[in-house]
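Chemist: One structure coming up, written as structure tokens, with questions to follow.
Protein chains: 4
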Amino acid sequence: MKDISLKEAQKVIDSWINKFEEGYWPPLSMLAAMVEEVGELSRIINALEGYKKPKEDENLVNLEEELGDILFSLICIANYYKIDLNTSLINVIRKYNNRDIHRWTLKRKTEGNKKQMS
Amino acid sequence: MKDISLKEAQKVIDSWINKFEEGYWPPLSMLAAMVEEVGELSRIINALEGYKKPKEDENLVNLEEELGDILFSLICIANYYKIDLNTSLINVIRKYNNRDIHRWTLKRKTEGNKKQMS
Amino acid sequence: MKDISLKEAQKVIDSWINKFEEGYWPPLSMLAAMVEEVGELSRIINALEGYKKPKEDENLVNLEEELGDILFSLICIANYYKIDLNTSLINVIRKYNNRDIHRWTLKRKTEGNKKQMS
Amino acid sequence: MKDISLKEAQKVIDSWINKFEEGYWPPLSMLAAMVEEVGELSRIINALEGYKKPKEDENLVNLEEELGDILFSLICIANYYKIDLNTSLINVIRKYNNRDIHRWTLKRKTEGNKKQMS
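Protein chains in written order, with our numbering: chain A, 1482 to 1599; chain B, 1482 to 1599; chain C, 1482 to 1599; chain D, 1482 to 1599.
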């Protein structure tokens, strides 16, 4: 399966939505759709972590689908507002790298993490 | 700025988190962090759409950051459960394509959308 | 049907949960349960407001149930942390009354709203 | 402080909102406001439970306020759709009592829980 980039994902979904007369939903409605998906993710994680007895066959397959649904709804909102998620993500990684680097305990350098992101 | 793929994004964030002794948070805590970010997105969209008076300088810059934060938290949860978001997203696009293609009104073919996703 | 007070509601639910060996779930799990219910509310409101085609017979009956589920999960969290929702609510009304009284446009006094909260 | 009932709470808030020309926000906007508050609750619970370092003086005082904010937003949505939360809550307690009574482990009768809800 192709290794899709964030830019391509945004383009593919934009083209798909533009096939329809309805186009993008209003932002508050796209947001509500995202909240619905986050709610389904919550149910699955609560079941996987052992607190809420699963209703049906809740498992990692569903989790894969829910995460995809959230990502889809996130991309729709980004597309609507012409936001480039590639820039968003790179900036957020940079932000955490600057802000949190002294907030947690860095592992001591070992062979195993030499090749990590610097 | 580099055109990052979902696979690369998952790897970069995994390497970053593995720098720290603490590693990934427990799933319910990562979920709560995502819900916090979705809450901030809600505040901004409500302000942009005109219902809730913004507290400060809420605008599209903040929106870019919030979407990045949600994406980051989504990738953390996916990494924790070893889920490939590339597969998730491709499957979700396929699902919507099969399920919703007759649910909405397809535009009539015009020059403008000939090159769209098929 | 009895006109239940917030204090009574908290007591009844506390007694009910204390019937079980399991007792209250950990807070992050109760929170995830609330998020699940908020997600279901989102789905119903999106359907009622006309953007998302309802899956089944989504209507005001379901809305009544979802609001009850959210209230239940809210009371569980309040009980766990020994928070009195009566005080919470009275303070929040006071806060909005002080903060927002000049934020919106007050109606001009007419016969119709003389008997309102002062 | 007065022991407020759900019915009274709905009435007080309805009177307060009816003081303003703007009245109730559209449902999707009230929902987004609720999601914002649930996001703030998430942040506080994550801080209290020890995973996310608190930004400021996050504590039980804030928790009381956040729960009040969520309850307020819940009542606004209920009022808008003319839903009686008293009925909602009584039905949800009944539902859990019927559905979950054999799902969890009942404590064996002891002096201590004789007076509990039956």
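Every residue gets a Cβ at the ideal spot worked out from N, C-alpha and C, and that includes glycine. This one's a predicted model, so the numbers in the text were calculated from it and none came from an experiment.
Counting only Cβ-Cβ distances shorter than 9 Å, please list the residues of the stretch 1519-1532 of chain D near chain C, keeping chain order.
Modeler: Answer in chain order: Val1519, Leu1522, Ser1523, Ile1526, Asn1527, Leu1529, Glu1530, Tyr1532.
Chemist: In this structure, what does DSSP give as the bridge partners for D/Leu1587?
Modeler: Working through the fourth sequence from its first residue, we reach residue 1587 of chain D at position 106. Bridge partners of D/Leu1587: C/Phe1501.
Chemist: According to DSSP, what are the bridge partners of D/Ser1486?
Modeler: As a position in the fourth sequence, residue 1486 of chain D is number 5, starting the count at 1. The partner list for D/Ser1486 (beta bridge, DSSP) reads C/Ser1486.
Chemist: On the DSSP letters alone, give me the boundaries of the alpha helix (DSSP H) that D/Pro1507 sits inside.
Modeler: Counting from one through the fourth sequence, the residue named residue 1507 of chain D turns up at place 26. Looking at the DSSP string, D/Pro1507 is not in any alpha helix (DSSP H), and its letter there is neither H nor E.
Chemist: Residue range of the alpha helix (DSSP H) that D/Tyr1577 falls in?
Modeler: Within the fourth sequence, numbered from 1, the residue matching residue 1577 of chain D stands at position 96. 1566-1580 is the extent of the alpha helix (DSSP H) around D/Tyr1577.
Chemist: Secondary structure at A/Gly1531, three-state DSSP: helix, strand or coil?
Modeler: One-based indexing of the first sequence puts residue 1531 of chain A at position 50. Residue state, collapsed to three classes: coil.
Chemist: Does the stretch 1520-1534 of chain D come close enough to the stretch 1508-1517 of chain C that 3 or more CB-CB pairs lie under 8 Å?
Modeler: Yes, they touch.
Chemist: Three Cβ pairs or more, each shorter than 8 Å: is that satisfied between the stretch 1541-1550 of chain A and the stretch 1572-1582 of chain B?
Modeler: Contact holds: three or more Cβ-Cβ distances are below 8 Å.
Chemist: For D/Arg1589 and B/Ile1526, I'd like the C-alpha separation in whole angstroms.
Modeler: Residue mapping note: residue 1589 of chain D aligns to position 108 of the fourth sequence, counting from 1. Residue mapping note: residue 1526 of chain B aligns to position 45 of the second sequence, counting from 1. For D/Arg1589 and B/Ile1526, the distance between alpha carbons rounds to 51 Å.
Chemist: Could you say which of B/Asn1560, B/Ser1569, B/Leu1512 lies nearest to B/Tyr1497 if we only look at CA atoms?
Modeler: Looking up residue 1497 of chain B in the second sequence gives position 16. The residue you asked about is not Tyr; residue 1497 of chain B is Trp in the sequence shown. Taking only the C-alpha atoms, the option nearest B/Trp1497 is B/Asn1560.
Chemist: When you compare each of D/Leu1587, D/Val1542, D/Ile1571, D/Asp1550 to C/Tyr1562 by their alpha carbons, which one comes out closest?
Modeler: The count along the third sequence starts at 1 and reaches residue 1562 of chain C at position 81. Checked all of D/Leu1587, D/Val1542, D/Ile1571, D/Asp1550; the closest Cα to C/Tyr1562 is D/Val1542.
Chemist: Does the stretch 1484-1494 of chain A come into contact with the stretch 1489-1503 of chain D, if we say contact requires no fewer than three beta-carbon pairs (one atom in each stretch) closer than 8 Å?
Modeler: No: the two stretches stay apart, fewer than three of their Cβ pairs being nearer than 8 Å.
Chemist: Would a C-beta distance cut-off of 8 Å place C/Met1515 and C/Ile1564 closer than the cut-off?
Modeler: Residue numbering aside, residue 1515 of chain C sits at position 34 when the third sequence is read from its first letter. Residue numbering aside, residue 1564 of chain C sits at position 83 when the third sequence is read from its first letter. In this structure, C/Ile1564 does not lie closer than 8 Å to C/Met1515 by Cβ.
Chemist: Measure the CB-CB distance between B/Arg1524 and D/Glu1517 and report whether it falls below 8 Å.
Modeler: Numbered from its first residue, the second sequence carries residue 1524 of chain B at position 43. Numbered from its first residue, the fourth sequence carries residue 1517 of chain D at position 36. Contact: yes.
Chemist: Buried or exposed for C/Asn1587, going by 16 or more other Cβ atoms inside 10 Å?
Modeler: The sequence position of residue 1587 of chain C within the third sequence is 106, counting from 1. Per the sequence presented here, residue 1587 of chain C reads as Leu, with Asn not at that position. Classification of C/Leu1587: exposed, given that the 10 Å Cβ count is below 16.
Chemist: Answer yes or no: do B/Ile1571 and B/Ile1494 have a C-beta to C-beta separation smaller than 8 Å?
Modeler: Translated into the one-based positions of the second sequence, residue 1571 of chain B becomes position 90. Translated into the one-based positions of the second sequence, residue 1494 of chain B becomes position 13. Against a cut-off of 8 Å, the Cβ pair of B/Ile1494 and B/Ile1571 comes out as no contact.
Chemist: Rounded to a whole number of angstroms, what is the C-alpha to C-alpha distance between A/Lys1483 and A/Lys1500?
Modeler: Here residue 1483 of chain A is taken as the residue at index 2 of the first sequence, counted from 1. Here residue 1500 of chain A is taken as the residue at index 19 of the first sequence, counted from 1. Each residue's Cα considered, the two are about 23 Å apart.
Chemist: B/Leu1512: which of B/Phe1553, B/Ser1569, B/Thr1568 sits nearest, CA to CA?
Modeler: Start at 1 with the first residue of the second sequence, and residue 1512 of chain B comes out as number 31. The option with the nearest alpha carbon to B/Leu1512 is B/Phe1553.
Chemist: Got a sec: which bits of the stretch 1484-1511 of chain A sit with their beta carbon under 8 Å from any beta carbon on chain C, in order along the chain?
Modeler: Result list: Trp1506, Pro1507, Ser1510.
Chemist: Can you grab the Cα-Cα spacing for the pair B/Gly1504 / A/Glu1502, in whole Å?
Modeler: The residue given as residue 1504 of chain B occupies position 23 in the second sequence. The residue given as residue 1502 of chain A occupies position 21 in the first sequence. Approximately 46 Å, taken between the alpha carbons.
Chemist: Classify A/Asn1540 as helix, strand or coil using the three-state DSSP reduction.
Modeler: Along the first sequence, read from residue 1 onward, the residue named residue 1540 of chain A stands at position 59. Three-state DSSP puts A/Asn1540 in coil, outside helix and strand.
Chemist: Going along chain B, which residues have a C-beta under 9 Å from A/Glu1546?
Modeler: In the first sequence, counting from the first residue as 1, residue 1546 of chain A sits at position 65. Simply Ser1569, Asn1572, Val1573, Lys1576.
Chemist: Excluding the 5 residues flanking B/Leu1522 on each side, which residues of the same chain have their C-beta closer than 8 Å to its C-beta?
Modeler: Taking the second sequence and counting its residues from 1, the one referred to as residue 1522 of chain B is at position 41. Within the same chain, B/Leu1522 has close Cβ partners Leu1544, Glu1547, Leu1548, Ile1551.
Chemist: Does the beta-carbon of D/Asn1540 have 16 or more other beta-carbons within 10 angstroms, so that it is buried, or is it exposed?
Modeler: In the fourth sequence, the residue the question calls residue 1540 of chain D occupies position 59. Under this definition D/Asn1540 is an exposed residue.
Chemist: Less than 8 Å between CB atoms is the rule here; does D/Ala1514 satisfy it with respect to chain C?
Modeler: Start at 1 with the first residue of the fourth sequence, and residue 1514 of chain D comes out as number 33. Judged by the 8 Å Cβ criterion, D/Ala1514 is not in contact with chain C.
Chemist: For B/Tyr1562, which of helix, strand or coil comes out of DSSP?
Modeler: Walking along the second sequence from the start, residue 1562 of chain B turns up at place 81. Coil, per DSSP.
Chemist: What is the rounded straight-line gap between the Cα of C/Ile1558 and the Cα of C/Ser1569?
Modeler: The count along the third sequence starts at 1 and reaches residue 1558 of chain C at position 77. The count along the third sequence starts at 1 and reaches residue 1569 of chain C at position 88. If you take the alpha carbons of C/Ile1558 and C/Ser1569, they lie about 13 Å apart.
Chemist: Just the C-alpha distance for B/Val1519 and A/Asn1567, rounded to the nearest angstrom, thanks.
Modeler: One-based indexing of the second sequence puts residue 1519 of chain B at position 38. One-based indexing of the first sequence puts residue 1567 of chain A at position 86. Spanning the two alpha carbons is a distance of roughly 19 Å.
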